[in-house]
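Just so we're aligned, residue 3 is where the sequence shown starts under this note's numbering, counting upward by one. Encoded as structure tokens, the structure appears first; notes follow it.
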Amino acid sequence: MAARRSRKNRYWRSRHDEGHAMRMAIGDLARAAAEPGWTRLAVRRAQVGPHAVTTVTRDGREIAAEGMDEPFQRLRELSYEADAGTWFTCELAFSAGSRGYTGSVDSAAPPFEDVPPSAALAELTTFPRAEPPGWLLSALPTAAPIGLPTPWGDRRERWDRNLGDRPPPPPPHHGELAYLPATTMACRDFGTRDKHNRHLVYLVEQVDDREAEQLVVIGYEEAYRVARHGLRDTDEGVRSITLDGAALRFELTGEAADALGTETTFEVRLELPPEAIAELGAALGKALAPVAGALERIGF
């Protein structure tokens with residue numbers, strides 16, 4: 003089975019999805035830089051043009067972290083809106099034991115006490131806006147340097163036109179940020195489908211409700227796929243699936259959890275009669291039987 007593509011090389015359905023992935027990547031970099039035992043990690047990025055400062059704190063104490071320039075720069079590009087610009091400050095907070103985050107972005111307040119003139123000019127050239135804040139205008143140099151960058155706005159608008167009449171909205175350039183991964187769902191019905199050596203088991207929270215929570219497990223040859231709502235899916239990173247009484251528990255790697263929009267432990271509450279739970283266990287066992295060694299099966 004081919005390895006899943008990295009965040010950097012993955013095809014994104016929208017700017018919103020890619021922006022979320024960049025924030026998740028920043029969280030992983032902060033976790034990698036922090037010593038074990040932390041409770042809260044906070045990351046602050048302040049940037050005008052190419053001039054940027056990133057601060058990472060572990061439970062209030064500043065620590066060193068590397069690799070964040072690229073995802074933050076990409077976030078600024080993705081957040082750009084014509085005439086409105088992009089953010090100058092991005093703050094993210096991560097809590098131990100969760101893949102979620104909270105934070106905010108600000109496109110108005112000055113991120114630094116002193117803004118370099120060349121950075122101010124590069125900002126307005128790369129990310130033009132209709133009404134620049136006064137502090138940014140005051141920082142502009144008296145003469146334009148040679149070699150101005152290409153406006154990101156021009157590239158952004160050309161890219162959007164290629165997506166059709168209704169391009170996806172960008173990540174926010176001002177306001178609050180929050181991501182709360184799913185931890186549980188209820189299963190009140192399930193079904194199976196077998197076709198061409200593909201064994202599918204689908205669990206639904208509410209019958210005849212397309213908007214209700216859905217989970218699908220597919221096994222074929224020596225591969226598998228787990229999906230939520232048909233859009234979020236992963237074909238690797240499921241460490242184990244456990245049937246424990248009236249609970250079906252998935253243990254996932256961080257990347258698989260992010261792909262599914264869940265925490266690394268995701269539990270399905272089986273609100274089913276005992277005989278139906280037994281049938282579900284048998285169906286899952288059949289679906290996952292070809293997946294030799296790809297994941298651990300417990301309880302069925």
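Think of the CB as a built atom: it goes at the ideal place given N, C-alpha and C, for glycine as much as any other residue.
| task | Could you spell out the range, first to last residue, of the alpha helix (DSSP H) harbouring SER97? | result | As a first step, residue 97 is located in the sequence shown; it is residue number 95 there, counting from the start. In the DSSP annotation of this structure, SER97 is not part of any alpha helix (DSSP H); the continuous beta strand (DSSP E) holding it starts and ends at 91-97.
| request: Select from VAL218, ASP260, HIS231 the residue whose C-alpha is nearest the C-alpha of ILE243. | output: Counted from its first residue, the sequence shown places residue 243 at position 241. Checked all of VAL218, ASP260, HIS231; the closest Cα to ILE243 is VAL218.
| Completely contained beta strand (DSSP E) runs for the segment 40-78, where each covers 3 or more residues | You should have 42-50, 53-60, 63-65.
| message | Please give me, in chain order, every unbroken run of the alpha helix (DSSP H) with length at least 4 that falls completely inside the segment 161-227. | response | The qualifying runs do not exist here; there are none.
| Chain-order list of residues whose beta-carbon lies under 6 Å from that of THR194 (same chain, five-residue window excluded) | Start at 1 with the first residue of the sequence shown, and residue 194 comes out as number 192. Taken in chain order, the residues that qualify are VAL203, ALA285.
| Counting along the chain, where does the alpha helix (DSSP H) carrying ARG271 start and finish? | Taking the first residue of the sequence shown as 1, we reach residue 271 at position 269. No alpha helix (DSSP H) holds ARG271; the beta strand (DSSP E) holding it covers 264-272.
| Tell me which same chain residues have a C-beta within less than 7 Å of the C-beta of HIS22, skipping the five on either side of it? | The residue given as residue 22 occupies position 20 in the sequence shown. Non-local beta-carbon contacts of HIS22 in its own chain, meaning distances under 7 Å to residues more than five positions away in sequence, involve TYR181 in chain order.
| Cβ-based burial, VAL209 [other Cβ within 10 Å; buried from 16] | Against the sequence shown, residue 209 aligns to sequence position 207. Exposed is the label assigned to VAL209, since fewer than 16 other Cβ atoms lie within 10 Å of its Cβ.
| said: In this structure, how does DSSP classify LEU80 when only helix, strand and coil are distinguished? | reply: Translated into positions along the sequence shown, residue 80 becomes position 78. Three-state result, LEU80: helix.
| message | One question on the structure: do THR264 and ARG101 come within less than 9 Å of each other, judged by their Cβ atoms? | response | Within the sequence shown, residue 264 is the residue found at index 262, counting from 1. Within the sequence shown, residue 101 is the residue found at index 99, counting from 1. Yes, the pair counts as a contact, with Cβ atoms nearer than the cut-off.
| query | Would you report the Cα separation of THR236 and PRO173, rounded to the nearest angstrom? | reply | For this step, residue 236 is matched to residue 234 along the sequence shown. For this step, residue 173 is matched to residue 171 along the sequence shown. Rounded to the nearest whole angstrom, the C-alpha separation of THR236 and PRO173 is 23 Å.
| task | Just mark ALA48 as buried or exposed, buried being the case when its beta carbon has 16 or more other beta carbons within 10 Å. | result | Start at 1 with the first residue of the sequence shown, and residue 48 comes out as number 46. If you draw a 10 Å sphere on the C-beta of ALA48, you find 16 or more other C-beta atoms in it, and that means buried.
| request: Give every residue of the same chain whose Cβ lies closer than 7 Å to the Cβ of ALA259, excluding the five residues on either side of it in the sequence, and list them in chain order. | output: As a position in the sequence shown, residue 259 is number 257, starting the count at 1. Answer for ALA259: ARG101, PRO183, GLU265, THR266, listed in chain order.
| message | Can you tell me whether GLY87 is helix, strand or coil according to DSSP? | response | Against the sequence shown, residue 87 aligns to sequence position 85. DSSP places GLY87 in strand when its eight states are reduced to three.
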